[in-house]
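Residue numbers (the working numbering), protein chains in the order written: chain F, 3 to 119; chain B, 5 to 117.
Glycine included, C-beta positions come from ideal geometry on N, C-alpha and C.
Below is one structure, written out as structure tokens, with a few remarks after it.
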């Protein structure tokens with residue numbers, strides 16, 4: 003069973019509201035990923051971190067999405083102004099490494115299901 | 005850019021039957037393949053991964069997968085399914101400098117008693 007802890011399990015927001023979700027990676031894992039899984043099972047990579055530093059991220063040109071992994075605190079993903087299209091399962095995953103090879107295994111949490119009304 | 009194709013959206017089997025889930029990928033360079041399972045309402049659980057070496061890899065709960073470079077495939081198999089194997093199975097690929105894993109659209113497996 004995964005030891006990646008995501009809270010809350012469910013999040014319901016109105017359009018325009020902020021939505022914030024958190025993730026505690028598996029102990030000892032310095033790398034954290036965020037993915038968005040929509041109802042059609044399409045996965046969208048959002049961002050990943052190694053310790054507190056961003057490794058890779060998509061072009062969040064709308065700037066509605068922000069994420070951080072502060073030291074000694076849970077990682078978080080926040081949507082500043084939720085839209086209906088943001089309704090999805092947000093998955094956090096952690097790993098020992100995500101170096102050049104890309105060969106490390108990702109361990110996922112149970113996700114936060116966001117519904118934007 | 006790597007892509008993943010899972011040809012079967014839904015597979016129905018009976019308990020004790022064997023099952024094979026198909027996964028094909030496209031990418032010109034070195035690639036790493038894995039399978040994940042997602043039970044209803046849950047996150048993804050890692051099943052197995054091919055990195056190098058023996059093309060047949062063993063995973064948890066009796067699952068195995070075979071990598072074929074010539075066919076660009078990484079099919080998942082189980083000899084005898086259990087009702088608890090009912091879930092959605094995702095094939096995933098990654099490559100050097102990839103932005104994480106690229107997933108297929110999944111195959112839903114329904115196991116009937």
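query                                                                                                           : result
Contact check, residue 31 of chain F vs residue 75 of chain F, beta carbons under 7 Å                           : no
7 Å Cβ cut-off: residues of chain B touching residue 92 of chain F                                              : Here the premise fails: no neighbours, minimum Cβ distance about 10 Å.
Element boundaries [beta strand (DSSP E), containing residue 70 of chain B]                                     : 67 to 72
Backbone CA spacing between residue 45 of chain F and residue 39 of chain B [nearest angstrom]                  : 14 Å
Residue span of the beta strand (DSSP E) that contains residue 31 of chain F, given as start and end            : Run containing residue 31 of chain F: none; DSSP gives neither H nor E here.
Per-residue burial, residue 63 of chain F [other beta carbons within 10 Å of its own, 16 or more giving buried] : Residue confidence for residue 63 of chain F is low, a pLDDT of 48 falling below 50, so the modelled location carries little weight and cannot support an answer.
DSSP-derived helix/strand/coil call for residue 98 of chain F                                                   : coil
Helix, strand or coil at residue 63 of chain F [DSSP, three-state]                                              : Low confidence applies here, because residue 63 of chain F scores a pLDDT of 48, under 50, leaving its location unreliable; read the following figure in that light. Residue 63 of chain F: coil per DSSP, three-state reduction.
Distance between residue 71 of chain B and residue 59 of chain B (C-alpha atoms, nearest Å)                     : 5 Å
Per-residue DSSP class, three states only, for residue 88 of chain B                                            : helix
Under 8 Å from the C-beta of residue 9 of chain F: neighbouring residues of chain B                             : None at all; the shortest Cβ gap to chain B is about 13 Å.
Contact check, residue 51 of chain B vs residue 41 of chain B, beta carbons under 7 Å                           : yes
Rounded C-alpha distance that separates residue 19 of chain F from residue 30 of chain B                        : 40 Å
CB of residue 47 of chain B within 7 Å of CB of residue 93 of chain F, strictly                                 : yes
Between the CA atoms of residue 85 of chain B and residue 21 of chain B - distance to the nearest angstrom      : 6 Å
Closer than 7 Å to chain F by CB, residue 26 of chain B                                                         : no
Closest by C-alpha distance to residue 97 of chain B, when choosing among B:106, B:45, B:90                     : B:106
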